[in-house]
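Counted from 1, the sequence shown has number 426 at position 426 by our numbering; the numbering is strictly sequential.
Cβ coordinates follow ideal geometry from the N, Cα and C atoms, glycine included.
First up is the structure itself, then whatever we jot down about it.
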Amino acid sequence: MSLSDLEIQEIIDRVHRRMGDVPEGSRPGVTLAARADLDVEMDLGDGIFATIDDAVGAAKRAQVEYAKMGLKTRHDIVDGIRRSMFEHAESLARLAHTETGLGRYEDKVKKNLLVTTKTPGPEDLEPQAVTGDGGMSVTEWAPMGLVGAITPTTNPTSTIINNSISILSGGNAAVFNVHPGAKRVSAENIRLINRAVVANGGPANLVTAIPNPTIDSAKELMVHPDIRVLLVTGGPAVVREALRTDKRAVAAGPGNPPVVVDETADIERAGRAIVAGASFDNNIICTDEKIGIVVDTVGDRLIRSMADAGAYILKAHELKRLERVIFKEMGAPNKPGVINPAWIGKNAGTILAEIGIQSDKDIRLAVAEVPNDHSLVWTEQMMPIFPVTRVSNVDAAIDLAVRAEHGFRHTAGIHSTNVETITKMARAMNCSIFVANGSFFSGLGEGGEGYSS
Numbered sequence: 001m002s003l004s005d006l007e008i009q010e011i012i013d014r015v016h017r018r019m020g021d022v023p024e025g026s027r028p029g030v031t032l033a034a035r036a037d038l039d040v041e042m043d044l045g046d047g048i049f050a051t052i053d054d055a056v057g058a059a060k061r062a063q064v065e066y067a068k069m070g071l072k073t074r075h076d077i078v079d080g081i082r083r084s085m086f087e088h089a090e091s092l093a094r095l096a097h098t099e100t101g102l103g104r105y106e107d108k109v110k111k112n113l114l115v116t117t118k119t120p121g122p123e124d125l126e127p128q129a130v131t132g133d134g135g136m137s138v139t140e141w142a143p144m145g146l147v148g149a150i151t152p153t154t155n156p157t158s159t160i161i162n163n164s165i166s167i168l169s170g171g172n173a174a175v176f177n178v179h180p181g182a183k184r185v186s187a188e189n190i191r192l193i194n195r196a197v198v199a200n201g202g203p204a205n206l207v208t209a210i211p212n213p214t215i216d217s218a219k220e221l222m223v224h225p226d227i228r229v230l231l232v233t234g235g236p237a238v239v240r241e242a243l244r245t246d247k248r249a250v251a252a253g254p255g256n257p258p259v260v261v262d263e264t265a266d267i268e269r270a271g272r273a274i275v276a277g278a279s280f281d282n283n284i285i286c287t288d289e290k291i292g293i294v295v296d297t298v299g300d301r302l303i304r305s306m307a308d309a310g311a312y313i314l315k316a317h318e319l320k321r322l323e324r325v326i327f328k329e330m331g332a333p334n335k336p337g338v339i340n341p342a343w344i345g346k347n348a349g350t351i352l353a354e355i356g357i358q359s360d361k362d363i364r365l366a367v368a369e370v371p372n373d374h375s376l377v378w379t380e381q382m383m384p385i386f387p388v389t390r391v392s393n394v395d396a397a398i399d400l401a402v403r404a405e406h407g408f409r410h411t412a413g414i415h416s417t418n419v420e421t422i423t424k425m426a427r428a429m430n431c432s433i434f435v436a437n438g439s440f441f442s443g444l445g446e447g448g449e450g451y452s453s
């Protein structure tokens, strides 16, 4: 992107200065205002249409026009989207938190800034040429056309920003069916992107949606004859639905990311990194650390280091009370349970208060030491409750990590200074994101190298 480092730093500094102004919904024990439905007629325009068919038709016409434009215009449009999303990172985070009641406002700001800066753009699509005695072969990347995108309530704005930059960078147009629980902020996000596109020389309606999405409208989008590709971020049910269609589908499946800590690790650093990662946006991100597996000889030190980093360490009797609150159904040994969705994405302090623990209101994570077969180890919780379980050695830790991750091959990591051990676990997990000696959000480019795509 062409935003200068100075411009980026100025915006980030401004955001950090405002971080003290956290909306009330981020504080433990505060009830969010009820959501109001959008008015279908009053909220049309800037990419928002009354029906899926209207949204698809408008995006199709826009994509035909977009395909005729040069690469410079495409670069200008994507850069304009980045600038707009920088400018609105805070307001979109605030709207998302207020509407959904999930996660933490300040972390949502960071996510918006992350995907704005680190989602790859048109610069990744340079043509390639190979020459030889037989002549020359040129590879150029061509657009697919219309992409139907399904987005979640957990990460509404960051997903829309990431998807829009990716889709438009490839010369495509996007039609979104967003999660009904985040429809207001998602519609505003899409309006802002449309305005940025038009302001930078692009056609209107390259990104479209409807104001009141439903399961039925998602199904209609998935089977619409003009949609060429599906891009789905959500739970297992919507992913399965997308894969049943006859269209190409890029789908984000479930995860249960384990982090292993062995006896060679920098334990204090590991504790800080795990608390930061597992508590990020109240653990609603599918790449966040969900399970801690520690070699027994350093288990006590790891738990102390997590407490020193600000985590609350649950006692055995407190864990029993917690289980009754956060689980609708405990799983059998070595099997996942059923999480109570009412507690997904809530603050740790709010969850602890429900079981009678008055903690620091700023507590970000609660840690529970559990046996290997406990439901917390085998269940993706999506809340700032972090299980730590002990094993005898690092080989046993890697074996448990593979099994508890359920073969999703999503995200995993390790804290170790033994390169052979790091390599062994990376190969055993064979997942999309593998992080060594850092918080898992480092694998998305937050505080680490790489990209958010």
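Rounded Cβ spacing between residue i and residue j (contact assumed at less than 8 Å)
{"i": "Ala401", "j": "Met429", "result": "7 Å"}
{"i": "Ala149", "j": "Ala62", "result": "Wrong, their Cβ atoms sit about 15 Å apart, outside the cutoff."}
{"i": "Thr287", "j": "Ile433", "result": "6 Å"}
{"i": "His415", "j": "Asn437", "result": "6 Å"}
Under the three-state DSSP convention, the category residue i falls into
{"i": "Gln128", "result": "strand"}
{"i": "Pro254", "result": "coil"}
{"i": "Phe441", "result": "helix"}
{"i": "His406", "result": "coil"}
{"i": "Val232", "result": "strand"}
{"i": "Gly47", "result": "coil"}
{"i": "Ser359", "result": "coil"}
{"i": "His179", "result": "coil"}
{"i": "His88", "result": "coil"}
{"i": "Glu369", "result": "strand"}
{"i": "Leu243", "result": "helix"}
{"i": "His224", "result": "coil"}
{"i": "Tyr451", "result": "coil"}
{"i": "Leu146", "result": "strand"}
{"i": "Ser166", "result": "helix"}
{"i": "Lys315", "result": "coil"}
{"i": "Lys328", "result": "strand"}
{"i": "Ser416", "result": "coil"}
{"i": "Ile190", "result": "helix"}
{"i": "Met306", "result": "helix"}
{"i": "Ile293", "result": "strand"}
{"i": "Ser137", "result": "strand"}
Short Cβ contact (8 Å threshold) for residue i with residue j
{"i": "Leu192", "j": "Ser84", "result": "yes"}
{"i": "Thr116", "j": "Phe86", "result": "yes"}
{"i": "Leu365", "j": "Ala270", "result": "no"}
{"i": "Leu146", "j": "Ile227", "result": "yes"}
{"i": "Leu71", "j": "Asn282", "result": "no"}
{"i": "Gly202", "j": "Thr73", "result": "yes"}
{"i": "Ile267", "j": "Val391", "result": "no"}
{"i": "Leu231", "j": "Asn163", "result": "yes"}
{"i": "Pro156", "j": "Val198", "result": "no"}
{"i": "Lys110", "j": "Glu449", "result": "no"}
{"i": "Arg195", "j": "Asp360", "result": "no"}
{"i": "Ile351", "j": "Asn200", "result": "no"}
Same chain, Cβ closer than 6 Å to residue i, five either side skipped, listed in chain order
{"i": "Gly337", "result": "Phe327, Glu329, Met330, Gly331, Ser375 and Thr379"}
{"i": "Ala368", "result": "Leu314, Leu319 and Pro387"}
{"i": "Arg272", "result": "Ala309"}
{"i": "Leu444", "result": "Ser452"}
{"i": "Phe280", "result": "Asp107, Asp288 and Phe441"}
Inter-residue Cα distance where the pair is residue i and residue j
{"i": "Gly349", "j": "Leu322", "result": "12 Å"}
{"i": "Ala307", "j": "Ile313", "result": "7 Å"}
{"i": "Ser453", "j": "Ile165", "result": "10 Å"}
{"i": "Gly235", "j": "Pro225", "result": "24 Å"}
{"i": "Ala58", "j": "Thr208", "result": "8 Å"}
{"i": "Pro257", "j": "Asp43", "result": "39 Å"}
{"i": "Met382", "j": "Lys290", "result": "8 Å"}
{"i": "Ala412", "j": "Asp79", "result": "32 Å"}
{"i": "Lys68", "j": "Ala204", "result": "14 Å"}
{"i": "Thr421", "j": "Ile363", "result": "33 Å"}
{"i": "Ile355", "j": "Ile385", "result": "13 Å"}
{"i": "His317", "j": "His406", "result": "29 Å"}
{"i": "Met1", "j": "Gly121", "result": "In this prediction, Met1 has a pLDDT of 44, which is less than 50 and means its spatial position is unreliable; nothing more can be read from the coordinates."}
{"i": "Val56", "j": "Leu243", "result": "20 Å"}
{"i": "Arg94", "j": "Leu113", "result": "13 Å"}
{"i": "Ser26", "j": "Gly181", "result": "Residue placement at Ser26 cannot be trusted, given a pLDDT of 42 that sits under 50; what the coordinates show is reported in the next sentence. Looking at the two C-alpha atoms, the distance is approximately 17 Å."}
{"i": "Trp343", "j": "Gly255", "result": "18 Å"}
{"i": "Tyr340", "j": "Arg248", "result": "Reading off the sequence shown, one finds Asn at residue 340, where the question assumed Tyr. Answer to the nearest angstrom: the Cα atoms are 33 Å apart."}
{"i": "His97", "j": "Gly345", "result": "10 Å"}
Neighbourhood of residue i by C-beta, 8 Å cutoff - its chain only, sequence neighbours within 5 removed
{"i": "Gly253", "result": "Pro236, Val239, Phe408 and His410"}
{"i": "Ile52", "result": "Val175, Asn177, Ile210, Ser217, Glu220, Leu221 and His224"}
{"i": "Glu188", "result": "Leu92 and Leu95"}
Contact with chain D by residue i, beta-carbon distance below 8 Å
{"i": "Ile165", "result": "No chain D appears in the structure shown, which is made up of a single protein chain."}
Own chain partners of residue i with C-beta closer than 7 Å, once the 5 adjacent residues on each side are dropped
{"i": "Ile398", "result": "Val260, Lys424, Met425 and Ala428"}
{"i": "Pro152", "result": "Thr159, His179, Thr233 and Gly234"}
{"i": "Phe49", "result": "Ala55, Ala58, Thr208 and Ile210"}
{"i": "Pro213", "result": "Asn177, Val178, Pro180 and Lys183"}
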